[in-house]
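Worksheet: one structure, shown below.
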Amino acid sequence: PSQEGCYRAVRFIAFIPTVLLFSACAPTTQRVSIDPKLAEAEAEKQREIALSEFHKEKRRLFYVSYPLLIGGRALCKDKVSPHVGASFSSAQGYPEEFRSAARTVFGETDAFRISLVAPNSPADAAGLREGDILLRLDGQPVPKGEAATEKLVKLYEEIAKKKSTFTLDVRRGEQELQLTITSVMGCDYPVVLSTDDSLNAYADGERVVIMRGMLRFASSDTELSVVIAHELAHNVMQHISAKRGNAMLGMLADILAGVGGVNTQGTFTQMAANAYSQDFEAEADYVGLYIMALSGVGIDGAAYFWRRMAAAHPQAIQSGGFLATHPSTPERFLGLENTIVEIKQKQTAGKPLRPELKK
986 PSQEGCYRAV RFIAFIPTVL LFSACAPTTQ RVSIDPKLAE AEAEKQREIA
1036 LSEFHKEKRR LFYVSYPLLI GGRALCKDKV SPHVGASFSS AQGYPEEFRS
1086 AARTVFGETD AFRISLVAPN SPADAAGLRE GDILLRLDGQ PVPKGEAATE
1136 KLVKLYEEIA KKKSTFTLDV RRGEQELQLT ITSVMGCDYP VVLSTDDSLN
1186 AYADGERVVI MRGMLRFASS DTELSVVIAH ELAHNVMQHI SAKRGNAMLG
1236 MLADILAGVG GVNTQGTFTQ MAANAYSQDF EAEADYVGLY IMALSGVGID
1286 GAAYFWRRMA AAHPQAIQSG GFLATHPSTP ERFLGLENTI VEIKQKQTAG
1336 KPLRPELKK
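Shown next as structure tokens:
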């Protein structure tokens, strides 16, 4: 065919998707008319519901994690900091689209409000209550304006370094109260809730992150403690820095192979990063249970978390062998059961609750 004929054919072929798009099947019923103002009002209501639910989940995580951070301090060694068992918030701390909902649900303003108080914490013992408005910290006015949150955190850290006992002036309704709080030392690994709905949790050497999906899956506080203590143990036992060190050695092997003309595509880095991965996971299960016991958290039935996990994810029942990064769920169940026996024997004998190290 001629060149002009080819161009015509190409234009015709390119036109076909457009024809198909506009001739595709469409709904046959009339779409319900929605008032934009009502839609925005409903969106605001849903933001309020979402914010309320997320706060409930944050409260549960805060309540369950606090005793683990305090009870596990002996295992955290030098990585400790003062804790009072309270958290604060303000309207400025929310994404802009949620600030109006925060004002409606929590009565948030630009002032700092006590949003969480852990049971049996120094803040609880001092009489601090959720909803109190923070006015002064050890006699110093609470920062306002730009970067107020960062300034308040810095002020607290400066005071906490100098003294364990300090005052909080708060407004509760029409009353102004001065409370005296004495902080306690605990592990310096903040436990935070991610909005990610995946069934996961991780430690990064500095903090513990629990995904919403995992929080919801852990139906009891014992199960949630198993998850938090496991991730806390990763930090305590310095697994993250160990894995990074292993990965660096693997990277060196990849570089040397590249110098020799072989493109490994990072194979040695990946293999080295995963070296001892199953052992690290088993150790975190083991040490995590000790953290629970040291914190006064019940360990009976802790292992059953892994039966529930197996029921939800049957593929985890079978071990993946050498290449697997985690032990199988039967191995993890039995490992926790054996650790419970070990801990109870020590408790009965009045022995210190310390994980057994290799000799």
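Sequential numbering from 986 applies to the sequence shown in my numbering. Every residue gets a Cβ at the ideal spot worked out from N, C-alpha and C, and that includes glycine.
I need the straight-line Cα distance from residue i to residue j, nearest angstrom please.
i: valine 1177; j: asparagine 1105; result: 20 Å
i: lysine 1315; j: isoleucine 1302; result: The question names lysine, yet the displayed sequence has proline at residue 1315. Rounded to the nearest angstrom, the two C-alpha atoms are 6 Å apart.
i: isoleucine 971; j: arginine 1114; result: Residue 971 cannot be examined here, being either before or after the span of the chain that is shown, 986 to 1344.
i: leucine 952; j: valine 1090; result: Residue 952 lies beyond the stretch modelled for the chain, which goes from 986 to 1344, so this question has no answer here.
i: alanine 1278; j: isoleucine 1328; result: 8 Å
i: arginine 1045; j: serine 1179; result: 13 Å
i: alanine 1297; j: glutamate 1042; result: 21 Å
i: alanine 1026; j: glutamate 1033; result: 11 Å
i: aspartate 1020; j: glutamate 1029; result: 14 Å
i: glutamine 1223; j: glycine 1158; result: 46 Å
i: isoleucine 1144; j: proline 1067; result: 10 Å
i: valine 1049; j: asparagine 1323; result: 24 Å
i: glutamate 1161; j: leucine 1119; result: 10 Å
i: tyrosine 1271; j: asparagine 1220; result: 13 Å
i: methionine 1196; j: tyrosine 1289; result: 20 Å
i: phenylalanine 1083; j: histidine 1040; result: 13 Å
i: serine 1100; j: alanine 1295; result: 36 Å
i: arginine 1293; j: alanine 1287; result: 11 Å
i: threonine 1333; j: alanine 1110; result: 31 Å
i: alanine 1059; j: glycine 1112; result: 27 Å
i: aspartate 1354; j: glutamate 1081; result: As shown, the chain starts at 986 and ends at 1344. That puts residue 1354 outside it, with no answer to give.
i: glutamine 1031; j: lysine 1336; result: 53 Å
i: valine 1193; j: alanine 1218; result: 10 Å
i: alanine 1188; j: valine 1102; result: 24 Å
Report the three-state DSSP secondary structure of residue i (helix, strand or coil).
i: tyrosine 1187; result: strand
i: cysteine 1010; result: coil
i: isoleucine 1166; result: strand
i: valine 1049; result: helix
i: histidine 1215; result: helix
i: histidine 1311; result: coil
i: glutamine 1332; result: helix
i: lysine 1344; result: coil
i: glutamine 1345; result: For the chain, the structure presents residues 986 to 1344; residue 1345 sits outside this window and is missing.
i: glutamate 1316; result: helix
i: glutamate 1115; result: coil
Where do the N-terminal and C-terminal ends of the beta strand (DSSP E) with residue i fall, by residue?
i: serine 1262; result: Looking at the DSSP string, serine 1262 is not in any beta strand (DSSP E); the run it does join, the alpha helix (DSSP H), is 1262 to 1279.
i: threonine 1152; result: 1150 to 1157
i: leucine 1120; result: 1118 to 1122
By DSSP's criteria, residue i is part of a beta bridge. Which residues make up the other side?
i: glycine 1078; result: DSSP, once it has assigned bridges, lists no residue as partnering glycine 1078.
i: isoleucine 1099; result: Phe1073
i: serine 1179; result: Met1196
i: glutamine 1125; result: Leu1122
i: glutamate 1033; result: Note: glutamate 1033 sits in no beta bridge, so no partner.
i: cysteine 1172; result: Val1065
i: glutamine 1223; result: Paired residue(s): none; glutamine 1223 is not in a bridge.
From which residue to which residue does the alpha helix (DSSP H) around residue i run?
i: serine 1066; result: Here serine 1066 belongs to no alpha helix (DSSP H); instead the beta strand (DSSP E) covers 1065 to 1068.
i: arginine 1339; result: From DSSP, arginine 1339 is part of no alpha helix (DSSP H); its letter is neither H nor E.
i: tyrosine 1141; result: 1133 to 1147
i: alanine 1108; result: 1107 to 1111
i: serine 1085; result: 1084 to 1091
Taking one C-beta from the region 1036 to 1054 and one from the region 1197 to 1214 each time, how about it: are there three or more such pairs within less than 8 Å?
-> yes
Would you check if the region 1144 to 1156 and the region 1117 to 1130 touch, i.e. whether three or more CB-CB distances between them fall below 8 Å?
-> yes
The region 1132 to 1149 in contact with the region 1201 to 1210 per 3-pair CB rule at 8 Å | no
Flag this pair as touching only if the region 1092 to 1099 and the region 1066 to 1083 have three or more C-beta atom pairs under 8 Å; answer yes or no.
-> yes
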